[in-house]
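Same order as they appear, the protein sequences are chains A and B.
Going left to right, the first sequence walks through residues 36 to 230 as my numbering numbers them.
Going left to right, the second sequence walks through residues 3 to 635 as my numbering numbers them.
In what follows, a structure is listed as structure tokens, so that the remarks can point back to it.
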Amino acid sequence: MTRLHCDPDDSLFSRAAHRGNCPAFLSTKGIFVAKKMTRSASLVFLVLSLTASAVGKQPAPEILGLRLGMSYSRAYARLNEIGQFKSEDEGQQVWTLSHDKHYQYVIIGFDRDRTVRYVTVLARPDGQPVNYADVGNLADATRSGAEGNLRYTWKANDKKGHFEYLAIAKGKDPRHLNRYAVKRLGVTTDEDERD
Amino acid sequence: MCPTILELFSSSAALSNLKLPANLKLRVTFFLALSFALVFPAFASTPPSGTLTPANGSSITWSGGGIAGATTDETTCVDGTDCDLFTVTLTGSPSNYQGLVLAISVAHSVSLNDYDIYVHKGTLSGPVIASATAGAPETSESVVIDPTLSGTGVYTVHIVDSAVAPGDPYSGVARITTPATDSQARGTAPTYANYQSPPGLGDGSGEPSIGANFNSGRIMTQAVFDTLQVSFNTSTSPATPTWLLKNGPNTTITTLDPILFTDSQTGRTVVSQLFGTTSLSAFTDNDGATYTVSQGGGIASGIDHQTIGGGPFRLCTANQLLATPVPCAQLAARGPITQYPHAVYYASQDIGDAEMALSQDGGLTYEAAHPMYTLVDCGGLHGHIKVAKSGIIYVPNKNCGGVQGLIVSMDNGLTFAVQPVTGSTPGTSDPSVGIGAKGRVYFGYIGGDGHPHISVSDDQGRSWRHDLDVGVPFAIHNAAFPEVAAGDNDRASYFFLGTPSAGNATGADTGTPFDGVWHGYIATTYDGGRSWFTVDATPGDPVQLGVICTQGTTCPNGTRNLLDFNDITVDKDGRVFTAYTDGCVTAACIAKGNNAAGTHTRLDNDQATKATIIRQSTGRGLFKSYDSTPLRP
Numbered sequence: 036m037t038r039l040h041c042d043p044d045d046s047l048f049s050r051a052a053h054r055g056n057c058p059a060f061l062s063t064k065g066i067f068v069a070k071k072m073t074r075s076a077s078l079v080f081l082v083l084s085l086t087a088s089a090v091g092k093q094p095a096p097e098i099l100g101l102r103l104g105m106s107y108s109r110a111y112a113r114l115n116e117i118g119q120f121k122s123e124d125e126g127q128q129v130w131t132l133s134h135d136k137h138y139q140y141v142i143i144g145f146d147r148d149r150t151v152r153y154v155t156v157l158a159r160p161d162g163q164p165v166n167y168a169d170v171g172n173l174a175d176a177t178r179s180g181a182e183g184n185l186r187y188t189w190k191a192n193d194k195k196g197h198f199e200y201l202a203i204a205k206g207k208d209p210r211h212l213n214r215y216a217v218k219r220l221g222v223t224t225d226e227d228e229r230d
Numbered sequence: 003m004c005p006t007i008l009e010l011f012s013s014s015a016a017l018s019n020l021k022l023p024a025n026l027k028l029r030v031t032f033f034l035a036l037s038f039a040l041v042f043p044a045f046a047s048t049p050p051s052g053t054l055t056p057a058n059g060s061s062i063t064w065s066g067g068g069i070a071g072a073t074t075d076e077t078t079c080v081d082g083t084d085c086d087l088f089t090v091t092l093t094g095s096p097s098n099y100q101g102l103v104l105a106i107s108v109a110h111s112v113s114l115n116d117y118d119i120y121v122h123k124g125t126l127s128g129p130v131i132a133s134a135t136a137g138a139p140e141t142s143e144s145v146v147i148d149p150t151l152s153g154t155g156v157y158t159v160h161i162v163d164s165a166v167a168p169g170d171p172y173s174g175v176a177r178i179t180t181p182a183t184d185s186q187a188r189g190t191a192p193t194y195a196n197y198q199s200p201p202g203l204g205d206g207s208g209e210p211s212i213g214a215n216f217n218s219g220r221i222m223t224q225a226v227f228d229t230l231q232v233s234f235n236t237s238t239s240p241a242t243p244t245w246l247l248k249n250g251p252n253t254t255i256t257t258l259d260p261i262l263f264t265d266s267q268t269g270r271t272v273v274s275q276l277f278g279t280t281s282l283s284a285f286t287d288n289d290g291a292t293y294t295v296s297q298g299g300g301i302a303s304g305i306d307h308q309t310i311g312g313g314p315f316r317l318c319t320a321n322q323l324l325a326t327p328v329p330c331a332q333l334a335a336r337g338p339i340t341q342y343p344h345a346v347y348y349a350s351q352d353i354g355d356a357e358m359a360l361s362q363d364g365g366l367t368y369e370a371a372h373p374m375y376t377l378v379d380c381g382g383l384h385g386h387i388k389v390a391k392s393g394i395i396y397v398p399n400k401n402c403g404g405v406q407g408l409i410v411s412m413d414n415g416l417t418f419a420v421q422p423v424t425g426s427t428p429g430t431s432d433p434s435v436g437i438g439a440k441g442r443v444y445f446g447y448i449g450g451d452g453h454p455h456i457s458v459s460d461d462q463g464r465s466w467r468h469d470l471d472v473g474v475p476f477a478i479h480n481a482a483f484p485e486v487a488a489g490d491n492d493r494a495s496y497f498f499l500g501t502p503s504a505g506n507a508t509g510a511d512t513g514t515p516f517d518g519v520w521h522g523y524i525a526t527t528y529d530g531g532r533s534w535f536t537v538d539a540t541p542g543d544p545v546q547l548g549v550i551c552t553q554g555t556t557c558p559n560g561t562r563n564l565l566d567f568n569d570i571t572v573d574k575d576g577r578v579f580t581a582y583t584d585g586c587v588t589a590a591c592i593a594k595g596n597n598a599a600g601t602h603t604r605l606d607n608d609q610a611t612k613a614t615i616i617r618q619s620t621g622r623g624l625f626k627s628y629d630s631t632p633l634r635p
């Protein structure tokens with residue numbers, strides 16, 4: 036597959052993507068910017084790539100380069116790259132994203148080993164909308180709720196990290212999500228104990 | 003109680019006997035109501051407004067008539083039909099009113115009728131800065147406002163028919179006068195008795211819930227593992243309790259948070275044990291004799307700190323349906339519906355947001371949850387759900403943008419607003435709300451100063467007043483686990499654990515162990531939150547020695563035996579009950595607690611988790627209608 040150039044300014048792409056592994060599919064909810072192709076060729080290619088690759092694609096275990104299981108120090112470094120710290124509540128942090136076209140806030144939680152347990156992003160109200168289908172193949176998701184309160188949930192397995200995780204997209208709009216989260220399963224957290 | 007115009011017509015025999023399609027009947031009803039309104043127009047106040055100057059004795063009067071009807075609170079009235087407006091303008095600047103107050107009152111003739119007053123600063127959409135909402139029987143309501151605090155300019159007086167039959171017009175007076183000087187609570191303070199669960203029952207009782215079934219008169223309570231039914235034999239005095247184990251199918255399974263909720267009106271009790279992304283839950287309509295297992299919760303990912311509540315649905319009144327535009331949201335079917343008359347709500351939080359799900363079949367099944375707030379708005383953990391008689395839902399939170407917060411839904415949990423509790427500071431215990439019969443919100447919280455505060459709102463949390471530290475009579479320096487219940491609109495009780503010892507009483511206790519003796523205190527108001535009786539409800543018997551850690555699962559061993567909260571409820575007679583976990587139960591521990599010269603650290607504490615109930619013995623309850631039958635121990 037021809038490798039596309041991913042816009043480094045588009046924070047929807049993971050750091051891994053920036054390192055040169057950028058997939059020809061919006062595996063991290065991204066939007067391609069094909070700078071080195073002609074515009075028409077890019078569009079045709081993009082449509083074809085999306086169509087071909089969407090089938091069977093599962094959401095990645097990361098958002099904005101914040102990967103489930105990532106150490107606190109690495110997550111903190113990445114958060115500093117993409118936003119500013121806003122607040123903390125019981126170990127969960129809220130960061131305001133600086134230049135992301137799609138999302139306004141990222142909320143991140145850690146497990147007892149100080150690795151990333153979940154990442155949630157909240158859509159920017161006046162930002163570029165993200166479709167549920169940009170996250171993953173809707174056919175593989177469990178759909179709940181109704182129009183006005185939709186939720187798509189994917190359960191996936193990260194073979195590299197050897198853990199299961201959930202990807203959850205929620206929104207009021209029938210096509211565009213308001214918030215998107217990935218959450219690691221089967222880890223020991225404060226909430227797993229009697230509270 | 004008089005019928006509203008719509009009810010009058012819709013219930014008429016002639017109309018109901020007509021074999022017409024439902025929508026045509028509705029149109030006929032509207033036409034008749036409109037004709038009635040044109041022939042018998044609604045009367046506004048006469049005159050509609052007046053002006054007062056900053057001089058003692060400056061006054062204006064007005065009268066109103068022709069409004070009649072019944073409302074649950076201010077939010078369900080329709081101006082000109084069952085509520086009325088009068089505008090007062092204060093001239094000058096606030097400093098001109100030093101030593102003066104604005105006193106507003108309305109009077110009427112028939113004591114069985116019940117008018118209420120809400121005074122908004124500015125227009126009707128402005129904050130409610132004073133209200134008078136006592137119930138029948140009485141023939142007047144009055145409020146006092148300090149213009150040096152609330153300012154000059156326009157005040158809108160909203161006169162609302164709580165329950166008014168036609169033919170009883172009111173007269174209103176607004177005057178500038180001098181303030182009364184006595185703000186202390188008057189009358190006799192309530193007294194309380196403690197009832198410890200018998201050996202073998204309620205021995206592992208962290209964070210208990212309690213509810214009262216108005217139909218059976220029984221109390222239901224649940225701690226970690228045990229669901230207990232408690233009944234009192236009142237043929238003797240003091241009353242003797244009978245404790246029975248009434249575990250549901252899931253109560254004894256080792257899970258996470260335990261929660262019990264009793265809808266006092268319907269008598270249904272829901273028990274829940276948090277279990278990952280939902281909870282193991284069942285409900286009983288006979289105080290635990292039999293249970294029906296339910297779906298558990300409506301949330302697919304909210305794994306923590308669940309709460310269950312319920313009450314009437316938020317529905318449009320007949321008068322609201324006649325208004326244009328209709329000022330309320332109609333409840334549509336959002337899931338299976340049964341004959342169960344009330345809503346049940348399940349809320350929980352995880353991955354950065356908190357959500358709530360509605361059950362329209364009494365807690366058997368739940369819809370998909372709707373988001374309440376995210377961590378951008380408020381801290382993750384929330385207090386417990388309370389539902390007003392008008393169907394408005396309230397969920398308190400200890401930190402929303404640097405103050406305590408109240409999450410409010412006016413549409414059966416579809417959408418939510420976060421209202422800051424102005425003047426408060428964030429704390430470490432979950433706050434609690436009690437809702438008066440006419441919608442007054444009592445918000446009990448532990449402030450950043452560690453003191454037990456309570457604040458009052460009459461406009462669904464948009465504005466707050468009467469913020470008081472009710473621990474002052476006992477010099478309480480640290481408090482934990484605020485729990486509030488209300489009865490009549492002017493009456494509420496506030497239960498908290500408190501200690502007069504200063505220091506880090508709710509931390510991890512990693513340095514020098516905190517030294518303090520904790521008791522259970524109950525503060526009660528009979529005047530809408532202006533004054534409170536605070537009573538030591540566990541005299542001579544401390545609840546805990548040393549620290550009560552409120553830092554959740556990060557608390558070290560031996561500091562969090564009480565877990566995270568207690569609970570309070572009121573029975574059908576207005577008698578107050580609380581449930582708490584007793585951490586100091588042995589004679590040795592109690593003796594240490596009563597010895598002021600000794601140490602009182604966690605090393606002196608029993609670290610027990612014993613289920614205990616406080617029952618009001620004497621004094622006025624939370625329902626005025628029972629005042630003529632004094633409570634007996």
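Where a beta carbon is used, it is the ideal one built from N, C-alpha and C, also for glycine.
Remember, predicted model here, so these are calculated numbers, not experimental data.
- Query: How do the stretch 605 to 619 of chain B and the stretch 589 to 596 of chain B stand: do at least 3 beta-carbon pairs fall below 8 Å, yes or no?
  - Reply: Contact holds between the stretch 605 to 619 of chain B and the stretch 589 to 596 of chain B, because three or more Cβ pairs, one in each stretch, are under 8 Å apart.
- According to DSSP, which residues form a beta bridge with TYR187 (chain A)? Here residue 187 (chain A) refers to the residue found at position 152 when the first sequence is read from its first residue. According to DSSP, which records beta bridges pairwise, TYR187 (chain A) is partnered with A:ARG178, A:ALA204.
- Message: Using C-beta distances below 6 Å, list every residue in its chain close to SER274 (chain B), excluding the 5 sequence neighbours before and after it, in chain order.
- Response: Against the second sequence, residue 274 (chain B) aligns to sequence position 272. If we look at SER274 (chain B) and ignore the five residues flanking it on each side, its Cβ neighbours are ILE261, SER281, SER283, ILE310.
- How about HIS636 (chain B): is its C-beta nearer than 8 Å to some C-beta of chain A? Any answer about residue 636 (chain B) is impossible in this case: the structure gives chain B only from 3 up to 635.
- Contact belief for LEU1 (chain B) with TYR347 (chain B) at Cβ below 8 Å, rounded distance in angstroms: Residue 1 (chain B) lies beyond the range of chain B shown here (3 to 635); nothing can be said about it.
- Item | Backbone secondary structure at TYR368 (chain B) - three-state DSSP | Translated into positions along the second sequence, residue 368 (chain B) becomes position 366. Here TYR368 (chain B) sits in coil by DSSP.
- Task: Report buried or exposed for GLN100 (chain B), applying the criterion of at least 16 other Cβ atoms within 10 angstroms of its Cβ.
- Result: On the second sequence, position 98 is the one that residue 100 (chain B) refers to. By the neighbour-count criterion, in which a residue is buried when 16 or more other Cβ atoms sit within 10 angstroms of its Cβ, GLN100 (chain B) is exposed.
- Task: Could you spell out where the beta strand (DSSP E) holding ASN399 (chain B) opens and where it closes?
- Result: Here the question's residue 399 (chain B) lines up with position 397 in the second sequence. Unbroken beta strand (DSSP E) run through ASN399 (chain B): 395 to 402.
- Whose C-alpha, out of B:TYR496, B:LEU499, B:ASP379, B:PHE625, is nearest the C-alpha of ALA138 (chain B)? The residue labelled residue 138 (chain B) in the question sits at position 136 within the second sequence. Taking only the C-alpha atoms, the option nearest ALA138 (chain B) is B:PHE625.
- Task: Measure the Cβ-Cβ separation of TRP189 (chain A) and ALA202 (chain A) and say whether it is below 8 Å.
- Result: In the first sequence, residue 189 (chain A) corresponds to position 154, counting from 1. In the first sequence, residue 202 (chain A) corresponds to position 167, counting from 1. When the beta-carbon positions are compared, TRP189 (chain A) and ALA202 (chain A) come within less than 8 Å of each other.
- Item | Same chain only: Cβ atoms within 7 Å of ASP237 (chain B), ignoring 5 sequence neighbours per side | To locate residue 237 (chain B), count along the second sequence from 1; it is residue 235. For clarity, residue 237 (chain B) is Ser in the given sequence; the question names Asp instead. Here the set comprises nothing.
- Item | Extent of the continuous alpha helix (DSSP H) run through ALA487 (chain B) | As a first step, residue 487 (chain B) is located in the second sequence; it is residue number 485 there, counting from the start. According to the DSSP assignment, ALA487 (chain B) belongs to no alpha helix (DSSP H) but to the beta strand (DSSP E) extending over 480 to 488.
- Item | Test item: CB-CB of HIS110 (chain B) and TYR120 (chain B) under 8 Å | Taking the second sequence and counting its residues from 1, the one referred to as residue 110 (chain B) is at position 108. Taking the second sequence and counting its residues from 1, the one referred to as residue 120 (chain B) is at position 118. For HIS110 (chain B) and TYR120 (chain B), no; Cβs fall outside 8 Å.
- Note down the Cα distance separating LEU547 (chain B) from SER65 (chain B), rounded to an integer number of angstroms. As a working note, residue 547 (chain B) is residue 545 in the second sequence. As a working note, residue 65 (chain B) is residue 63 in the second sequence. Going by the C-alpha atoms only, they are around 59 Å apart.
- Under the three-state reduction of DSSP, which class applies to THR555 (chain B): helix, strand or coil? Counted from its first residue, the second sequence places residue 555 (chain B) at position 553. THR555 (chain B) falls in the helix class under three-state DSSP.
- Task: Output, in chain order, the set of chain A residues within a Cβ distance shorter than 9 Å of ALA370 (chain B).
- Result: Here residue 370 (chain B) refers to the residue found at position 368 when the second sequence is read from its first residue. Neighbours of ALA370 (chain B) across chain A, judged by C-beta separation under 9 Å: SER179, GLY180, ALA181, ASN184, LEU185, ARG186.
- Task: Please confirm if GLN119 (chain A) has its CB atom under 8 Å from at least one CB of chain B.
- Result: Residue mapping note: residue 119 (chain A) aligns to position 84 of the first sequence, counting from 1. Cβ-Cβ to chain B under 8 Å: no for GLN119 (chain A).
- Identify the contact partners of LEU157 (chain A) in chain B, using a Cβ-Cβ distance below 9 Å as the criterion. Position 122 of the first sequence, counted from the start, is the residue given in the question as residue 157 (chain A). Correct list: GLY354, ASP355, THR376, VAL378.
- At 8 Å on the CB atoms, spell out the chain B contacts of GLY144 (chain A), in chain order. In the first sequence, the residue the question calls residue 144 (chain A) occupies position 109. Taking the beta carbon of GLY144 (chain A) as reference, the chain B residues within 8 Å of it are ILE353, GLY354, listed in sequence order.
- According to the neighbour-count rule (16 or more other Cβ atoms, all chains shown, within 10 Å of its Cβ), is THR601 (chain B) buried or exposed? Translated into positions along the second sequence, residue 601 (chain B) becomes position 599. It is exposed - the Cβ of THR601 (chain B) has fewer than 16 other Cβ atoms within 10 Å.
- Spatial neighbours of CYS551 (chain B) within its chain, please: CB distance less than 7 Å, with the 5 preceding and 5 following residues excluded, ordered by chain position. Here the question's residue 551 (chain B) lines up with position 549 in the second sequence. Excluding sequence neighbours, CYS551 (chain B) sits near THR508, GLY509, ALA510, ASP511, CYS557, THR561, ARG562.
- Query: For ASP355 (chain B), does the three-state DSSP call read helix, strand or coil?
  - Reply: To locate residue 355 (chain B), count along the second sequence from 1; it is residue 353. If DSSP states are grouped into helix, strand and coil, ASP355 (chain B) belongs with the strands.
- Message: Count Cβ pairs between the stretch 571 to 580 of chain B and the stretch 626 to 634 of chain B that sit closer than 8 Å; are there 3 or more?
- Response: Output reads yes: the stretch 626 to 634 of chain B touches the stretch 571 to 580 of chain B.
- Those residues which DSSP pairs with GLN546 (chain B) across a bridge: Taking the second sequence and counting its residues from 1, one reaches residue 546 (chain B) at position 544. Answer is B:TRP520.
- Task: Over the uninterrupted alpha helix (DSSP H) stretch that includes GLU143 (chain B), give me the two end residues.
- Result: Counted from its first residue, the second sequence places residue 143 (chain B) at position 141. Unbroken run through GLU143 (chain B) is the beta strand (DSSP E), 142 to 147; no alpha helix (DSSP H).
- Item | Simplified DSSP assignment, three categories, for GLY204 (chain B) | Indexing the second sequence from 1 puts residue 204 (chain B) at position 202. Reduced to three states, the DSSP call for GLY204 (chain B) is coil.
- Message: Below 8 Å on the Cβ atoms is my contact criterion, and I expect GLY298 (chain B) with ALA345 (chain B) to pass it. Report the Cβ-Cβ distance as a whole number of Å.
- Response: Here residue 298 (chain B) corresponds to residue number 296 of the second sequence, with the count starting at 1. Here residue 345 (chain B) corresponds to residue number 343 of the second sequence, with the count starting at 1. No, GLY298 (chain B) and ALA345 (chain B) are not in contact; Cβ-Cβ is about 17 Å, not under 8 Å.
- Message: Using only the alpha-carbon positions, how far apart do LEU114 (chain B) and ARG622 (chain B) sit?
- Response: Mapped onto the second sequence, residue 114 (chain B) falls at position 112. Mapped onto the second sequence, residue 622 (chain B) falls at position 620. Their Cα atoms are separated by approximately 21 Å.
- Item | Residues from the stretch 554 to 586 of chain B in contact with chain A, defined by Cβ distance under 9 Å | Residues of the stretch 554 to 586 of chain B with a Cβ closer than 9 Å to any Cβ of chain A, in chain order: GLY554, THR555, THR556, LEU565, ASP566.
- Which residues in the same chain as THR141 (chain B) place their Cβ atom closer than 7 Å to its Cβ, once the five residues preceding and following it in sequence are excluded? If you number the second sequence from 1, residue 141 (chain B) lands on position 139. ALA109, HIS110, SER111, SER113.
- Query: Mind checking if GLY174 (chain B) is an interface residue toward chain A, Cβ cutoff 8 Å exclusive?
  - Reply: For this step, residue 174 (chain B) is matched to residue 172 along the second sequence. Judged by the 8 Å Cβ criterion, GLY174 (chain B) is not in contact with chain A.
- Message: Tell me which residue opens and which closes the beta strand (DSSP E) that LEU104 (chain B) is part of.
- Response: What you label residue 104 (chain B) is simply residue 102 of the second sequence in a count that begins at 1. 103 to 109 is the extent of the beta strand (DSSP E) around LEU104 (chain B).
- Using the C-alpha atoms, what's the distance from SER133 (chain A) back to TYR111 (chain A)? Residue mapping note: residue 111 (chain A) aligns to position 76 of the first sequence, counting from 1. Residue mapping note: residue 133 (chain A) aligns to position 98 of the first sequence, counting from 1. Answer to the nearest angstrom: the Cα atoms are 15 Å apart.
- Contact under 8 Å by Cβ, ALA176 (chain B) with ILE69 (chain B): Start at 1 with the first residue of the second sequence, and residue 176 (chain B) comes out as number 174. Start at 1 with the first residue of the second sequence, and residue 69 (chain B) comes out as number 67. For ALA176 (chain B) and ILE69 (chain B), no; Cβs fall outside 8 Å.
- Going along the chain, which residues of its own chain have a beta-carbon closer than 8 Å to the beta-carbon of LEU87 (chain B), five neighbours each way excluded? If you number the second sequence from 1, residue 87 (chain B) lands on position 85. Excluding positions up to five away in sequence, the list reads ALA46, SER47, PRO50, ASP81, LEU126, THR158, VAL159, HIS160, ILE161.
- Item | Environment of GLU357 (chain B) [buried if 16+ CB atoms lie within 10 Å] | Counting from 1 along the second sequence, the entry for residue 357 (chain B) is found at position 355. Only buried fits GLU357 (chain B), as 16 or more other CB atoms lie within 10 angstroms of its CB.
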